[in-house]
Structure formats: C-alpha cells, structure tokens
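Asks:
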Amino acid sequence: MLVNWAPQETRVAVIEHGAVQELHLERTLERGLVGNIYLGKVTRVLPGMQSAFVDIGLERAAFLHVADVWQRHGNGEPPATVRRLEAVTPIEKQIFQGQSLVVQVIKDPLGQKGARLSTQISVAGRSLVFLPQDDHIGVSQKIPPAERDALRQRLQTLVAAHTPKGQSTGGFILRTNGEDASDEELLDDIRYLRLTWQKIRQAALSQPAPSLLHQDLDLLRRVLRDLVSDATRSVQIDSREQFEALQAFAREFTPGAVDRLQHYSGERPIFDLYNVDEEITRALGRRVDLKSGGYLIIDQTEALTTIDVNTGGYVGARNFDDTIFKTNLEAAQAIARQLRLRNLGGIIVVDFIDMTQDKHRQQVLQEFRRQLARDRVRTTVCDFSTLGLVEMTRKRTRESLAHVLTQPCQACAGTGEVKTPRSVCYDILREILREARQFNPREIKVLAAPEVIELFLDEESQFLASLSDFIAKPIALVAEAALAPDRYDIVLV
1 MLVNWAPQET
11 RVAVIEHGAV
21 QELHLERTLE
31 RGLVGNIYLG
41 KVTRVLPGMQ
51 SAFVDIGLER
61 AAFLHVADVW
71 QRHGNGEPPA
81 TVRRLEAVTP
91 IEKQIFQGQS
101 LVVQVIKDPL
111 GQKGARLSTQ
121 ISVAGRSLVF
131 LPQDDHIGVS
141 QKIPPAERDA
151 LRQRLQTLVA
161 AHTPKGQSTG
171 GFILRTNGED
181 ASDEELLDDI
191 RYLRLTWQKI
201 RQAALSQPAP
211 SLLHQDLDLL
221 RRVLRDLVSD
231 ATRSVQIDSR
241 EQFEALQAFA
251 REFTPGAVDR
261 LQHYSGERPI
271 FDLYNVDEEI
281 TRALGRRVDL
291 KSGGYLIIDQ
301 TEALTTIDVN
311 TGGYVGARNF
321 DDTIFKTNLE
331 AAQAIARQLR
341 LRNLGGIIVV
351 DFIDMTQDKH
361 RQQVLQEFRR
371 QLARDRVRTT
381 VCDFSTLGLV
391 EMTRKRTRES
401 LAHVLTQPCQ
411 ACAGTGEVKT
421 PRSVCYDILR
431 EILREARQFN
441 PREIKVLAAP
451 EVIELFLDEE
461 SQFLASLSDF
471 IAKPIALVAE
481 AALAPDRYDI
491 VLV
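Numbering (the UniProt record's numbering), first residue to last: 1 to 493.
#1: So, using beta-carbon positions, are L455 and P210 closer together than 9 Å?
#2: Among the candidates L205, S385, I173 and D358, whose CA atom is the shortest distance from the CA of I190?
#3: Between which two residues does the alpha helix (DSSP H) carrying W5 extend?
#4: Using DSSP bridges, identify the partner residues of S51.
#5: Within a Cβ cutoff of 7 Å, which residues of the same chain sit near A125, ignoring the five residues on either side of it in sequence?
#6: Taking three-plus beta-carbon pairs below 8 Å as touching, is the stretch 282-291 in contact with the stretch 400-408?
#7: P269: buried (16+ other C-beta within 10 angstroms of its C-beta) or exposed?
#8: Cα separation between A257 and L296?
#9: Going by Cα to Cα distance, which pick from L64, V34, Q94 and Q156 is closest to residue 497?
#10: Could you check where the alpha helix (DSSP H) with H214 kicks off and where it finishes?
#11: Which parts of the stretch 135-187 are runs of the beta strand (DSSP E), unbroken and 3 residues or longer, counting only runs that do not cross its ends?
#12: Checking 9 Å against the spacing of the C-beta atoms, do G345 and V377 come in under that value?
#13: Identify every residue that forms a DSSP beta bridge with M392.
#14: Per the contact definition of three or more C-beta pairs closer than 8 Å, is the stretch 431-446 in contact with the stretch 472-485?
#15: So, at 6 Å on beta carbons, what are the nonlocal neighbours of T305 in its own chain, with the 5 sequence-adjacent residues on each side left out?
#16: Can you give the Cα-Cα distance for K395 and T379, rounded to whole angstroms?
#17: Going by DSSP in three states, A448 sits in which element: helix, strand or coil?
#18: Looking only at its own chain, which residues have a Cβ that is under 8 Å from the Cβ of R251, when we skip the five neighbours before and after it?
#19: On a CA-only basis, which of E399, Q215 and D230 is nearest residue 534? Give me that one, please.
#20: Just to check, is the beta-carbon of Y295 closer than 8 Å to a non-hydrogen atom of the ligand NAD?
#21: Going by C-alpha to C-alpha distance, which of L492, E399 and D354 sits closest to E431?
#22: Can you list, in chain order, the residues of its chain with a C-beta nearer than 7 Å to that of D354? Leave out the 5 residues immediately preceding and following it.
#23: Starting from the Cα of E16, find the closest Cα among R233, E244, L372 and I298 and give me that residue.
#24: My guess is that F53 and R116 are in contact by the Cβ rule of under 8 Å, so how many angstroms apart are they, rounded?
#25: With a threshold of 16 other CB atoms inside 10 Å of the CB of A6, please say whether the residue is buried or exposed.
#26: Let me confirm a value: L205 is counted as buried when at least 16 other C-beta atoms fall within 10 Å, else exposed. Which label applies?
#27: What is the rounded straight-line gap between the Cα of Q247 and the Cα of V20?
#28: With a 10 Å radius around its C-beta and 16 neighbouring C-beta atoms as the bar for buried, classify Q338 as buried or exposed.
#29: Can you tell which of L212, I95, G18 and E59 has its C-alpha closest to the C-alpha of V45?
#30: To the nearest whole angstrom, what separates the beta carbons of A411 and A484, a pair I think is in contact under 8 Å?
#31: Under three-state DSSP, which class holds A436?
#32: How is the beta strand (DSSP E) around T10 delimited, first residue to last?
#33: For Q207, is the classification buried or exposed, using 16 other Cβ atoms within 10 angstroms of its Cβ as the cut-off for buried?
#34: Along the chain, where does the beta strand (DSSP E) containing E22 start, and where does it finish?
#35: Take L131 as the anchor and find which of E279, R175, K165 and A482 has the nearest alpha-carbon.
#36: Is I335 helix, strand or coil by DSSP?
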C-alpha cells in the first residue's frame with residue numbers, strides 16, 4: 001500500500017501483482033460520513049413512503065427508512081435489548097416530528113440524495129463491531145462456517161466475564177480480521193468500544209440537536225484497521241509526521257501492523273513508483289484498452305453502470321469463436337479490476353461479446369466470479385440473460401472515483417454531446433424572430449461562440465440578411481470565445 005499524504009488530501013493506492021487495484025481518497029473538507037453518529041432532529045415523517053427526514057446538520061436532510069428503525073424494549077438505561085421487528089411497525093407509530101434521535105450514517109450523500117441513516121448504532125474496532133443496543137454475539141459470515149460456533153462461544157464467554165453484574169453486555173460481532181485475535185486483543189477492543197459508546201451517550205445528553213457525537217476514523221487509520229492483513233507486505237507513507245502518528249495508533253490498536261509501516265523518503269513522488277497518477281487518469285476515461293487489442297467502454301449513469309466488451313483489433317486466435325472467447329476472458333479480469341479501481345457500485349450490466357458455445361459462457365462467468373472474489377466489497381453476479389447480458393450488483397457505500405474527482409461538463413451537462421454550430425444558428429434565427437415580434441428593439445445583437453458567428457458570416461449569411469430585412473431591424477454579430485459551443489445571448493438594444 002502506498003500512502004500519499006498532503007494537508008488537503010490523503011490518497012491510498014493498493015498495489016497487487018505490480019498493478020493498482022484500489023484507490024482510496026479522502027479530502028479534508030469532504031470527508032465521508034459513513035459511520036458518523038449524530039444527534040438529529042426529525043423534521044418530517046412521511047407515512048406514505050414509510051420514511052422520515054432527519055436534520056443532522058448537513059446541507060440536505062438525511063433519510064431514514066422504516067427498515068432501518070430499530071425498536072427499543074424495556075425502560076431502563078443503558079439501552080435495553082432491541083430487535084428488528086418481523087412485522088414492521090409503521091414509522092409514524094415509532095417516531096414523530098421534532099423528536100431527537102441518535103442516528104448513524106450508513107450511506108454517504110450521493111448526487112441529490114441525502115445521507116441514509118439507521119437508528120441501530122454500531123461502533124467498529126479492530127477485531128469487533130459493538131452493537132450497544134443489542135445483546136447478540138455474532139461472527140462475520142466471511143469466516144468459515146466450521147469455525148463460527150467455537151469463535152462465537154469464545155467471544156460470548158469473554159464478554160460475559162468482563163461485564164459488571166446488572167449491566168447490559170451489549171452486542172458484539174467478530175470481524176473477519178479478528179479471527180486470529182488473542183483474548184487480550186479482544187478484551188482491549190471490548191474496553192475501547194464500551195468507553196467510546198459511553199462518551200457518545202454522554203455527548204447525546206449534553207449537546208443540542210443537531211450535533212455530531214462521534215466521527216469515524218480518518219482514511220489512514222481505517223486503512224490500518226480494515227485493509228492491512230497478513231497478505232499486506234508493507235504500508236509506505238511519504239509523510240514523516242503521519243508515519244509517526246500511525247505508528248502510535250498501530251501500537252495501541254493494531255499491533256500486527258506496526259512492522260509493516262515504512263516511511264518513504266525517496267526523491268520521486270511515491271505514486272510515481274507504480275504510475276498511480278496515470279492509472280487514475282485512465283480510470284476516468286470511458287475506454288479501457290485490453291492487452292489483446294480488445295477494449296471496454298464503461299458508461300456510468302445515475303441508475304446503473306454499463307460495460308460493453310469489444311474485440312477491437314484482436315485477431316490472435318485460430319478462429320472467430322476463439323477470438324471472442326479469449327477477449328471475453330481477458331475482459332472478465334479487467335472488469336473486476338476496474339470495478340475496484342473506479343469504486344463502481346449499484347446495478348452493473350456487462351455486455352460480453354456474444355458466444356455461441358455454452359461452455360465458453362460458463363468459463364467466462366466462472367473467471368469473472370473468481371476475479372470478483374478478491375473484492376472486499378460484496379458483489380452478486382447473475383447468469384447470462386436471454387439477451388446475453390450479465391447483470392450484477394456491487395454494494396455502494398461511497399462515491400465512485402469519477403464522482404469524487406470530476407464534475408459534469410458545463411457545455412454538455414454530462415451528455416458528452418453538444419449541438420452543431422448550424423443547429424445553434426437556426427435556434428438563434430428562430431429566437432430573433434420571436435423576440436422581434438414580442439418587442440420593438442432598435443437593433444438586435446447576437447453573442448455566440450466564434451464557430452457559430454463564422455457560420456453566420458459565411459454559409460448562413462443569406463438567411464441572416466433575409467431575416468434582418470423581414471423584421472426591418474439591423475442584426476449585429478459578436479464572437480465570444482468564453483461561450484460554450486451551444487450557448488448564446490440575444491441582446492435587444
């Protein structure tokens with residue numbers, strides 16, 4: 001892992017087999033909100049949508065659905081056992097407008113959507129996740145089933161032995177990276193998480209709504225907590241100050257990662273070691289070239305992402321079927337990598353090149369799933385549809401790389417296309433006629449892009465002169481280089 005730190009931005013690149021597989025970015029002024037705990041105020045309850053809007057102090061109100069509302073049982077404090085209701089109680093019977101709620105962000109704001117909330121609080125540690133409102137003891141589903149019962153029993157014994165009489169034990173879930181944790185490491189996590197929750201509760205009782213009660217770890221510390229494993233060879237950091245701060249954090253919470261931390265003091269920028277910046281640039285483009293000569297076209301929309309596979313100039317196989325099969329196999333590997341690198345989530349539709357042989361389709365699908373198994377984010381892949389498409393989902397918890405680094409083009413508003421200069425000319429002629437009929441200006445002045453004005457002075461000059469005679473008004477032309485190709489202004493003088 002390579003860490004490029006600057007006061008305004010932190011970037012972490014995960015390198016596997018000599019290539020960039022993942023990129024994580026966090027900007028100081030744009031830190032993600034997932035995991036943050038707030039004291040919010042309910043601003044609106046919508047029974048028809050079974051949801052509510054909650055003010056947590058952000059620009060847009062956050063969204064709380066009834067499926068994410070947990071009902072509390074019992075009257076005492078600390079929080080009593082809660083359970084997700086089998087028959088969901090309507091949201092209007094659980095919360096009301098003006099109510100103060102302790103809520104946690106489970107999805108960052110995406111586009112025009114506000115953050116998504118849950119009233120079930122969880123606090124993540126190195127090896128455990130603490131559920132303060134629950135008494136459930138669980139084990140990550142990623143741990144092999146044969147080991148879960150023994151690990152659950154061991155954790156249950158530890159929690160019960162270190163809970164004062166008369167107090168709720170709280171719920172704990174053993175994370176995947178806590179499978180090999182010692183009893184002492186688990187106890188350290190239990191103490192840390194309970195202390196953190198105690199501070200959150202105290203803040204909720206003393207602060208007004210809306211208030212931030214607890215902020216999740218920053219990117220560097222989350223990397224140590226969540227990404228570093230036995231397979232991690234090194235974590236190289238190009239900041240001495242951050243290297244020392246991470247060492248102190250690792251010694252306290254992730255002792256196994258201390259020896260993997262390295263301070264990078266080379267003269268070359270750390271991301272130049274593996275051409276990471278070039279990979280970022282390529283990851284923002286629609287086209288991804290394959291080594292064989294084929295290529296992918298990736299289009300990201302609000303609703304879903306489409307990936308189209310093309311053979312391009314690949315002619316290396318013995319026959320056309322083999323060419324298609326080899327291209328699709330390589331595409332399956334490249335697509336899995338691009339999903340991680342670009343952090344694409346939601347619904348994804350892959351249009352592999354049509355294959356006539358069923359065994360080829362199954363081999364491509366098998367390879368695709370094998371590559372996706374290396375992804376830390378949960379994915380679900382369907383079989384080939386009757387139209388030859390592969391539909392899949394990838395859990396989305398934060399913005400994609402393109403949404404973080406880019407914005408829609410001001411000229412085309414994200415469509416990738418603008419009107420031709422001739423189309424703009426005809427729009428202007430119609431607008432002039434409309435304005436001349438409604439008003440009685442002394443003169444009309446047209447401000448447009450240079451290529452539009454040039455067309456008016458050349459090929460479209462006859463139509464412009466005819467319109468000027470028809471409305472009996474002079475028309476002046478002004479070229480404005482600052483205007484987008486399809487933007488113009490008509491000034492009535």
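Where a beta carbon is used, it is the ideal one built from N, C-alpha and C, also for glycine. These numbers come from a predicted model, not from an experiment.
Replies: Let's see:
#1: Contact flag unset, no.
#2: I173
#3: Premise fails: W5 lies in the beta strand (DSSP E), L2 to A6, not in any alpha helix (DSSP H).
#4: L46 and H65
#5: The sequence as given places Gly at residue 125; Ala does not occur at that position. Beyond the five residues adjoining it in sequence on each side, G125 comes within less than 7 Å, by CB distance, of D189, Y192 and L193 in the same chain, given in chain order.
#6: Yes, since at least three Cβ pairs between the stretch 282-291 and the stretch 400-408 fall closer than 8 Å, the two stretches touch.
#7: So P269 ends up on the exposed side.
#8: Roughly 37 Å separates the two Cα atoms.
#9: The structure shown does not extend to residue 497, since the chain is modelled only from 1 to 493, so the question has no answer here.
#10: From DSSP, H214 is part of no alpha helix (DSSP H) but of the beta strand (DSSP E) over S211 to H214.
#11: 137-139 and 171-174
#12: It is a contact, given that the beta carbons lie within the stated cut-off.
#13: I348 and V381
#14: yes
#15: L344 and I348
#16: 6 Å
#17: strand
#18: V258
#19: For residue 534 there is no data in the structure shown, the boundaries of the chain being 1 and 493.
#20: Inclusion of the ligand NAD in the displayed structure is not the case, the ligand content being empty and no account of it being possible.
#21: L492
#22: G388
#23: R233
#24: About 11 Å; that fails the 8 Å criterion.
#25: exposed
#26: exposed
#27: Each residue's Cα considered, the two are about 25 Å apart.
#28: buried
#29: I95
#30: 4 Å
#31: helix
#32: E9 to E16
#33: By the Cβ-count criterion, Q207 is exposed, with fewer than 16 other Cβ atoms from all chains shown falling within 10 Å of its own Cβ.
#34: A19 to R27
#35: R175
#36: helix
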